[in-house]
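Input: a single structure, listed below in structure tokens.
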Amino acid sequence: MGELTDKIKGNVNEAIGKAKQHSNDPETQADGAQQEMKGKAQQTAGKIKGALGDDI
């Protein structure tokens, strides 16, 4: 995946994760927290790829 793709997927996962955390179901809230962290990791990967020129 390229830099832009990682950043977009990261933003989407982070937004969905934040939305899930507002649920009344504890399991859904936990899933949302995990998905938000996944999104942050994807965004970080995109930033690293951008800095290194998508070579990783």
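Residue numbers (this note's numbering): 102 to 157.
C-beta: ideal position from N, C-alpha, C; glycine also.
A direct Cα-to-Cα measurement between lysine 121 and alanine 152 gives close to 31 Å.
Note on glycine 103: under 16 other CB atoms within 10 angstroms of its CB, so exposed under the neighbour-count rule.
DSSP places glycine 140 within a helical segment (H, G or I) once states are collapsed to three. In the three-state reduction of the DSSP assignment, aspartate 126 falls in the coil class.
Cβ contact annotation for glutamine 136 (same chain, cutoff 7 Å, sequence separation greater than five): Asn114, Ile117, Gly118 and Lys121, in chain order.
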